[in-house]
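Quick notes on the structure that follows.
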Amino acid sequence: MKVPKSLRNVDDGGAVVRTLEYEDGSVIAVDFGTSASDIAVDIVGSIAIIVTDDEQFEFELPPEASDVSVHNGVLTIED
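In terms of the numbering used here, the sequence shown opens at residue 13 and continues consecutively.
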């Protein structure tokens, strides 16, 4: 699964973006760190809207994405 273009740029703001490949699928993980104590994610159709403490951005989900979640400041997109 490819990292959406707008997510590639969040690491400029201190977030860490990683793609993890497994035999049965892949995961995109975006760790916003301790600076983003409260992250919210909304899915509208194929668009994900992310709101952190000091910024908001949106991106189109990869077509193969099956689950999007946030836990402890880490956004995960799984296929």
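Even for Gly, the Cβ is constructed at its ideal location relative to N, Cα and C.
Please classify residue i: is it buried, with 16 or more other beta-carbons within 10 angstroms of its beta-carbon, or exposed?
i	result
T64	buried
L32	exposed
V28	exposed
V56	exposed
Measuring straight from C-alpha to C-alpha, what distance separates residue i and residue j?
i	j	result
I62	I51	7 Å
I60	L73	Sequence inspection shows Ala at residue 60; the Ile mentioned does not correspond to that position. Cα to Cα, A60 sits roughly 6 Å from L73.
Y34	M13	11 Å
E12	V15	Since the first residue shown for the chain is 13 and the last is 91, residue 12 is missing from the structure and cannot be characterised.
S38	G26	23 Å
Tell me whether residue i counts as near the ligand FAD, meaning its Cβ is closer than 6 Å to at least one heavy atom of that ligand.
i	result
I55	Looking at this structure, you won't find the ligand FAD or any other ligand, since it has none at all.
Inset, instruction - Could you name each continuous beta strand (DSSP E) segment of 3 residues or more that falls completely within the stretch 43-69, going from the start of the chain to the end? - result: 52-56 and 59-63
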